[in-house]
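Numbering (our numbering), first residue to last: 2 to 95.
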């Protein structure tokens, strides 16, 4: 069964990081979509069970959707400029 979590809006200042999803009880399969509507890039940071930390940079006015096995947490991190947009996470238990 899939669970679509509510869309979360972000408006982060320069050099700020914020977690938008955490499942520290063993991870869960998920899809993560980030829409970066700002003029600056933003980084999506993902941690998975028994896997290295991965970071994806989403360019200005762009989006990214990923399917992630055993997601522990998803966070956004800005660089030298502020960023705003949305992040949506859908989890599944199969």
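Built from N, CA and C at the ideal position, the CB exists for glycine as well.
Straight-line Cα distance separating residue j from residue i
i          : j          : result
residue 75 : residue 48 : 7 Å
residue 40 : residue 84 : 7 Å
residue 79 : residue 24 : 22 Å
residue 61 : residue 10 : 16 Å
residue 44 : residue 22 : 15 Å
Test item: CB-CB of residue i and residue j under 9 Å
i          : j          : result
residue 16 : residue 81 : yes
residue 28 : residue 70 : yes
residue 35 : residue 59 : yes
residue 72 : residue 37 : no
Closer than 8 Å: residue i CB and nearest the ligand PLP heavy atom
i          : result
residue 68 : This structure simply doesn't include the ligand PLP, nor any ligand for that matter.
Expected contact under 8 Å - CB spacing of residue i and residue j to nearest Å
i          : j          : result
residue 77 : residue 13 : 6 Å
For the stretch 85–92 against the stretch 2–14, are there 3 or more C-beta pairs whose distance is under 8 Å? Using a Cβ-Cβ distance cut-off of 8 Å, the stretch 85–92 and the stretch 2–14 are in contact, since at least three pairs of beta carbons, one from each stretch, lie closer than that value.
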